[in-house]
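Report on one structure; see the data block that follows.
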Amino acid sequence: MERISWDQYFMAQSHLLALRSTCPRLMVGATIVRDKRIIAGGYNGSVSGSTHCMDDGCYIVDGHCVRTVHAEANALLQCAKFGVPTDNADLYVTHFPCLQCCKQLIQSGINNVYYKEDYKNDAYAIALFQEAGVQTKKVELNYLAVDTNYQEKAELVKKLLDKLEITEDSEQELSILKNEIEALFKLNR
Ligand SMILES: [Zn+2]
Ligand SMILES: [Zn+2]
């Protein structure tokens, strides 16, 4: 049995939080970590008690949904609400932070930003992070960390593919399927 790394653990936590998002435009999760401990988490959603995008539709102004508080901001505000210091903490987030969140993260004393997906990475945000000495690092999420029977599923699909190779006539269709499955499960055949 192998233990998952801290990076994987915190990044998996952010992906779990993203599943709580209430805005269908983008599901984002963020985890604030200090001394290898999770001190706060957030996802993008409406102000507490207000209508959700997923119920009433997004509130779009200039092409952006303005209904939600971003995941990173929600995590920082949770710390503000309960009086938890964020100085020298790290952030694990599913998507590269927007400019507004970038500024709030710098101002809150966040040292490192680990993100999974590039998302319209703002040039000014990148410059501000650099100027403030905040390290940004892309972290791949190894699905072994979140999908507990991934290995069995992958093995089964692989077996199925091998069988199909013998019986299936439509080779082109099969090879498209094969590529999709291999990409999905990141199989090395
Ligand atoms: Zn929305
Ligand atoms: Zn943001």
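The opening residue of the sequence shown carries number 123 in the working numbering; numbering runs sequentially from there.
No residue lacks a Cβ here, since even glycine has one placed at the ideal position from N, Cα and C.
Using the beta-carbon count (16 or more within 10 Å), is His217 buried or exposed?
Residue burial annotation: His217 is buried, with at least 16 other C-beta atoms found within 10 angstroms of its C-beta.
Taking 7 angstroms as the line, does the beta carbon of Cys223 fall inside it for any heavy atom of ligand 2?
A heavy atom of ligand 2 is found nearer than 7 angstroms to the CB of Cys223.
Between which residues of its own chain and Cys81 is the CB-CB distance below 6 angstroms, once the five residues before and five after are set aside?
In the structure displayed, the chain extends from 123 to 311; residue 81 sits before or after that span and is not available.
DSSP state of Lys242, grouped into three classes?
Coil at Lys242, not helix or strand.
Heavy atoms of ligand 1 versus C-beta positions, residues under 6 angstroms:
Ordered along the chain, the selected set is Cys145, Arg147, Cys175, Cys180, Cys187, Arg189, Thr190.
Bridge partner(s) assigned by DSSP for Glu259
This sequence places Lys at residue 259; Glu is not what is there. Answer is Tyr236.
Residue ranges of each beta strand (DSSP E) run of no fewer than 3 residues wholly in the region 181 to 240, ordered along the chain?
Correct list: 212 to 217, 234 to 239.
Under a Cβ-count criterion, where at least 16 other Cβ atoms within 10 Å of its own Cβ denotes burial, should Ala152 be classed as buried or exposed?
In summary, Ala152 is buried, with 16 or more beta-carbon neighbours lying within 10 Å of its beta-carbon over all protein chains present.
Shorter than 7 angstroms, the distance from the beta carbon of Lys192 to the closest heavy atom of ligand 2, or not?
A small correction: the amino acid at residue 192 is His; Lys does not occupy that position in the sequence shown. Yes, ligand 2 has a heavy atom inside 7 angstroms of this Cβ.
From Leu283, Ala193, Gly179, Gln229, residue whose alpha carbon lies closest to that of Gly255:
It is Gln229.
Taking Ala249 as the reference, which of Thr173, Asn196, Leu221 has the closest Cα?
That would be Leu221, whose Cα lies nearest to the Cα of Ala249.
Beta-carbon proximity list for Pro207, same chain, < 7 angstroms, skipping 5 on both sides
Only residues of its own chain outside the window of five on either side were considered, and among them none has a CB closer than 7 angstroms to the CB of Pro207.
In this structure, how does DSSP classify Ile248 when only helix, strand and coil are distinguished?
Here Ile248 sits in helix by DSSP.
Asn233 and Asp212: beta carbons closer than 8 angstroms?
Their beta carbons are under 8 angstroms apart, which means Asn233 touches Asp212 by this criterion.
Phe204 burial status per 10 Å Cβ neighbour count (16 or more: buried):
So Phe204 ends up on the exposed side.
Three-state secondary structure (DSSP) at Val155?
Judged by DSSP in its simplified three-state form, Val155 adopts strand.
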